[in-house]
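Undergrad:
In the numbering used here, the protein residues as written are 313 to 619.
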């Protein structure tokens, strides 16, 4: 049994990603930690609790973490995910409540509880994880691997021409995590907008699967509208792709190890994930970058878990 901790800024794609992980019987989600990003922290916590209840399997504890980036003001994305983060579905409040402990402390506690076994899936800005590393410098030695949905990979950004949202919200935190000794895999926005892209036919199929599939389709309505600004009809399931890579490593068809870092000093390039493909820096590899996945297998897993 694999042990996971999911760190999330729970909006529409995060919520569906949580459903996927909670409904995969071969793994155990030990905790869900929430960070401010797509939504303000309180909304992200609410959406995480809603997702756990919708999954209908088991209820890992939910913890609130950092309410803002390390050094900057919080940038959110209600224009992408709706005011409630779930496509303006206005769902009833969850019946469960968050735990009182701080998410940063729980990341450290879970790493100590499952030394060398805990895997973290980071679906939002990396503020919680960066703070955990700062608080406990030995953390990288305790965690098996971190799967990070962030960066634009080999493609363009969605916040600036070069920066993807999660890294843009807190580039300082992202740089700290990428530069850490953690074993880490990055699934960039480019992969989510290519092989994993869900078109109208895919979305209609989701909508026909039952309550969870309908939820996945409805919560993505505002995300679909946002994606039209890129001239595309559908949406890139960013966090769902990252969770799928963590749950099913064999869906990866192309990846490479490389030295990478996140730019945080330049305003124009703030949040850019820079990949040293030609090894011009001479620095050792510190990250695995996913560039392609098996689209057919990804969609089959997505539909199966939400059926």
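Cβ atoms here follow ideal geometry from the backbone N, Cα and C, with glycine treated the same way.
Alpha helix (DSSP H) containing residue 479: first to last residue?
TA: Walking along the chain shown from the start, residue 479 turns up at place 167. Note, residue 479: alpha helix (DSSP H), 477–481.
Undergrad: In chain order, which alpha helix (DSSP H) runs of at least 4 residues are fully inside the stretch 543–594?
TA: Counting whole runs of 4 or more residues, the stretch 543–594 contains the alpha helix (DSSP H) stretches 550–559.
Undergrad: Under the rule that 16 or more other beta-carbon atoms within 10 Å means buried, what is residue 542, buried or exposed?
TA: For the purposes of this step, residue 542 is identified with residue 230 of the chain shown, where counting begins at 1. Looking at its Cβ environment, which holds fewer than 16 other Cβ atoms inside 10 Å, residue 542 is exposed.
Undergrad: Pair every Cβ in the stretch 403–421 with every Cβ in the stretch 431–450, then say whether three or more of these pairs are closer than 8 Å.
TA: Yes, the stretch 403–421 touches the stretch 431–450.
Undergrad: Going by DSSP in three states, residue 488 sits in which element: helix, strand or coil?
TA: Counting from 1 along the chain shown, the entry for residue 488 is found at position 176. It is helical.
Undergrad: My parser needs the beta strand (DSSP E) runs of 3 or more residues fully inside the stretch 362–404; what are they?
TA: List check, beta strand (DSSP E) in window: 374–376.
Undergrad: Is residue 511 buried or exposed, if buried means 16 or more other CB atoms sit within 10 Å of its CB?
TA: The residue you call residue 511 lines up with position 199 of the chain shown. So residue 511 ends up on the exposed side.
Undergrad: Residue 642 to residue 499, Cα distance in whole Å?
TA: With the chain represented from 313 up to 619, any question about residue 642 goes unanswered, as that position is not in the structure.
Undergrad: Does the Cβ of residue 568 have 16 or more other Cβ atoms within 10 Å, making it buried, or fewer, making it exposed?
TA: Looking up residue 568 in the chain shown gives position 256. The residue in question, residue 568, is exposed, as its Cβ has fewer than 16 Cβ neighbours within 10 Å.
Undergrad: Leaving out five residues before and five after residue 529 in sequence, what residues of the same chain have Cβ atoms less than 6 Å from its Cβ?
TA: What you label residue 529 is simply residue 217 of the chain shown in a count that begins at 1. Excluding sequence neighbours, residue 529 sits near 515, 518 and 519.
Undergrad: Can you tell me which of 395, 428, 396 and 366 puts its alpha carbon nearest to the alpha carbon of residue 407?
TA: Here the question's residue 407 lines up with position 95 in the chain shown. Taking only the C-alpha atoms, the option nearest residue 407 is 366.
Undergrad: Whose C-beta lies closer than 6 Å to the C-beta of residue 461 among residues of the same chain, with five residues either side of it excluded?
TA: On the chain shown, position 149 is the one that residue 461 refers to. Cβ neighbours of residue 461 beyond the five flanking positions: 435, 499, 550, 551 and 554.
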